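Participant:
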Amino acid sequence: MNVDDRLLAAIPRRSSLADEVYTILERRLIEGTIAAGSSIIIDGLAKEFAVSHTPIREALARLESTGLVSRTAHRGYRAAPLSTVEELANLMEARVTIEPRCAALASQALSDAFLAELTAAVEALDAYDGSRDFHLFWEADARFHQLIATNTGNRFLAAAFEALGGHVQRFRLFGALGGSDIQFAALEHGRILDAIRAGDAEAAEREMAAHLTNARDRATADRSVIAEL
Numbered sequence: 026m027n028v029d030d031r032l033l034a035a036i037p038r039r040s041s042l043a044d045e046v047y048t049i050l051e052r053r054l055i056e057g058t059i060a061a062g063s064s065i066i067i068d069g070l071a072k073e074f075a076v077s078h079t080p081i082r083e084a085l086a087r088l089e090s091t092g093l094v095s096r097t098a099h100r101g102y103r104a105a106p107l108s109t110v111e112e113l114a115n116l117m118e119a120r121v122t123i124e125p126r127c128a129a130l131a132s133q134a135l136s137d138a139f140l141a142e143l144t145a146a147v148e149a150l151d152a153y154d155g156s157r158d159f160h161l162f163w164e165a166d167a168r169f170h171q172l173i174a175t176n177t178g179n180r181f182l183a184a185a186f187e188a189l190g191g192h193v194q195r196f197r198l199f200g201a202l203g204g205s206d207i208q209f210a211a212l213e214h215g216r217i218l219d220a221i222r223a224g225d226a227e228a229a230e231r232e233m234a235a236h237l238t239n240a241r242d243r244a245t246a247d248r249s250v251i252a253e254l
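What follows is the structure, encoded as structure tokens:
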């Protein structure tokens, strides 16, 4: 039984099928199981997942908002093409605008649960040695940034960050293919955590901006490190 089969088997019928289909398709798009630029056949997916067209269409509409798929009139949905260096620059400009402020606000809204989860994410990044499933690193990194964005107390900032999610994941795919500068990423996340834990808004904002800027520069020099973004 593969990952998709396990996810489908675990779906409680009372839960949102569209959410579960979204999760599976997102993973396939990020991993490249659904090739960049390829057509996405709704009929085929409905048969595979044993669901109606409705949850498939709902999931694809959500994926379109992340940039992972695109829809063309009379042609249906396609997986987005591979991202370019120019798109990377634009994405990082957006992240440097949003995420440092998120870190500053999160440092002023501390709770034991938030700090425990953030610490666990950094520990997972520190423990990753490159020998295991690269998705473990991706997931810890994504969890770290998501926790900060959702702990700002500002739902509009959180929504702005969420809108970037699919684009960030697309760039992570390049890192899985070419390797990544894991040590730098783990160290920089640790510095962000330290500043947030100390309740130092200025330092948290500065360290997040430094991390994103450094990651952008490393990615520009060597696309193989895009996995840490």
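FYI, in the numbering used here the residues of the sequence shown are 26 to 254. C-beta: ideal position from N, C-alpha, C; glycine also. No experiment lies behind these values; they were computed from the predicted model shown.
Measure the CB-CB distance between Val94 and Leu107 and report whether it falls below 7 Å.
Facilitator: No, the Cβ-Cβ distance between Val94 and Leu107 is not below 7 Å.
Participant: Could you tell me which residues DSSP pairs with Thr97 in its beta bridges?
Facilitator: Looking at the DSSP assignment, Thr97 forms a beta bridge with Gly101.
Participant: Is it true that the CB of Ile81 sits closer than 7 Å to the CB of Leu88?
Facilitator: Their beta carbons are not under 7 Å apart, which means Leu88 does not touch Ile81 by this criterion.
Participant: Label Phe181 either buried or exposed according to how many other C-beta atoms from any shown protein chain fall within 10 Å of its C-beta, with 16 as the threshold for buried.
Facilitator: Phe181 is exposed by the Cβ-count criterion.
Participant: Roughly how far, in whole angstroms, is the beta-carbon of Val121 from the beta-carbon of Thr238, given that I think they are within contact range, below 8 Å?
Facilitator: The pair is a contact, with the Cβ atoms about 6 Å apart (cut-off 8 Å).
Participant: Are the CB atoms of Ala229 and Ser90 nearer to each other than 7 Å?
Facilitator: In this structure, Ser90 does not lie closer than 7 Å to Ala229 by Cβ.
Participant: Taking all protein chains shown into account, decide if Val110 is buried (16 or more other Cβ within 10 angstroms of its Cβ) or exposed.
Facilitator: With fewer than 16 Cβ atoms within 10 Å of its Cβ, Val110 is classed as exposed.
Participant: May I ask you to list the residues that DSSP assigns as paired with Ile65?
Facilitator: Ile65 pairs with Tyr102.
Participant: Would you mind giving the Cβ-Cβ distance between Leu130 and Ala146, rounded to the nearest angstrom? I have them listed as a contact below 8 Å.
Facilitator: With a Cβ gap of about 18 Å, Leu130 and Ala146 do not count as contacting.
Participant: Would you kindly work out how many angstroms separate the C-alpha atoms of Gly203 and Arg100, rounded to a whole number?
Facilitator: Unreliable placement is indicated for Gly203, whose pLDDT of 41 sits below 50; no coordinate value is reported for it.
Participant: Quick check: Ala104 and Ile49, are their CB atoms within less than 7 Å of each other?
Facilitator: No. Outside cutoff.
Participant: Taking Cβ to Cβ, would you say Asn115 is nearer than 7 Å to Phe139?
Facilitator: In this structure, Phe139 does not lie closer than 7 Å to Asn115 by Cβ.
Participant: Would Arg243 be called buried (16 or more neighbouring beta carbons within 10 Å of its own) or exposed?
Facilitator: By the neighbour-count rule (16 or more Cβ atoms within 10 Å), Arg243 is buried.
Participant: Where does Val147 sit, in a helix, a strand or coil, going by DSSP?
Facilitator: Val147 falls in the helix class under three-state DSSP.
Participant: Suppose you measure from the CA of Arg216 to the CA of Asp151; what does that come to, to the nearest Å?
Facilitator: Roughly 12 Å separates the two Cα atoms.
Participant: Cα-Cα, which of Leu218, Ala61, Glu112 is closest to Val193?
Facilitator: Comparing Cα-Cα distances from Val193 to each of Leu218, Ala61, Glu112, the minimum goes to Glu112.
Participant: Quick one: what's got a C-beta closer than 6 Å to Thr144's C-beta in the same chain, skipping five residues either side?
Facilitator: Cβ within range, chain order: n/a, list empty.
Participant: Return the residue from the list Val76, Gly155, Arg96 that minimises the CA-CA distance to Ser63.
Facilitator: Of the candidates Val76, Gly155, Arg96, the one whose C-alpha sits nearest the C-alpha of Ser63 is Arg96.
Participant: Beta-carbon within less than 8 Å of Leu153's beta-carbon, same chain only, minus the 5 sequence neighbours each way: which residues are those?
Facilitator: One point to set straight first is that residue 153 is Tyr, not Leu, in the sequence displayed. Correct list, in chain order: Leu161, Phe162, Ala165, Ile207, Ala211.
Participant: Over what stretch of residues does the alpha helix (DSSP H) that includes Leu88 continue unbroken?
Facilitator: 78-91 is the extent of the alpha helix (DSSP H) around Leu88.
Participant: Once the 5 residues before and after Arg241 are set aside, which same chain residues still bring their CB inside 7 Å of it?
Facilitator: Answer for Arg241: Met117, listed in chain order.
Participant: What is the DSSP secondary structure of Gly190, reduced to helix, strand or coil?
Facilitator: Of the three classes helix, strand and coil, the one that applies to Gly190 here is helix, per DSSP.
Participant: Using the beta-carbon count (16 or more within 10 Å), is His214 buried or exposed?
Facilitator: Buried is the call here.
Participant: Reducing DSSP to helix, strand and coil, say where Thr177 ends up.
Facilitator: Thr177 falls in the coil class under three-state DSSP.
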